[in-house]
Amino acid sequence: MCNWIYVTLLLIFNRWLNPLFKIGHKWKLEPDDMYSVLPEDRSQRLGEELQGYWDQEVKRAQKDAQEPSLVKAIVKCYWKSYLIWGMFTFVEVKDFHTVSCFLVYVSLY
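Residues 0 to 108, numbered by numbering that gives the first Met the number 0, are exactly what the sequence shown covers, in order.
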C-alpha cells in the first residue's frame, strides 16, 4: 500500500532528472549531456583536500610506528558533510515514513 506513495513522491521530487532520462532513452548519453558539476564538488578539489588528510595520516602513522589508514583519512576529511547529510536524510526518511503511514491510516477510513 505504501509503495505507490513512495513511487509518486519519488517521481515528484526527482523531476529535475526527467530531461536527462529522456535524452538517455533516445541515445547513449555523452559527457556534454550531463549537468555541470559545482566547483566545490569537482574531483580535483576533493582529491587535493583528501591528499592533505592522507599526508597528515602518513605522518601520524610514521610517528606512532603504524601503518597509515586510508579510512581514517577519509573520515577526518569528510565526516562533517556526511554528518550533515545523514541528519537531513534521517529527517527526510522519518518524515516520509510518518506521512506515508498516516496516509495509509487515513485511507482505511
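Built from N, CA and C at the ideal position, the CB exists for glycine as well.
Range covered by the alpha helix (DSSP H) that runs through residue i
i, result
"P18", "17 to 25"
"V57", "42 to 62"
Beta carbon of residue i nearer than 9 Å to that of residue j
i, j, result
"Y34", "L19", "yes"
"E56", "L69", "yes"
"D32", "G23", "yes"
Q) Taking one C-beta from the stretch 35 to 53 and one from the stretch 66 to 75 each time, how about it: are there three or more such pairs within less than 8 Å? A) They touch, by the three-pair rule.
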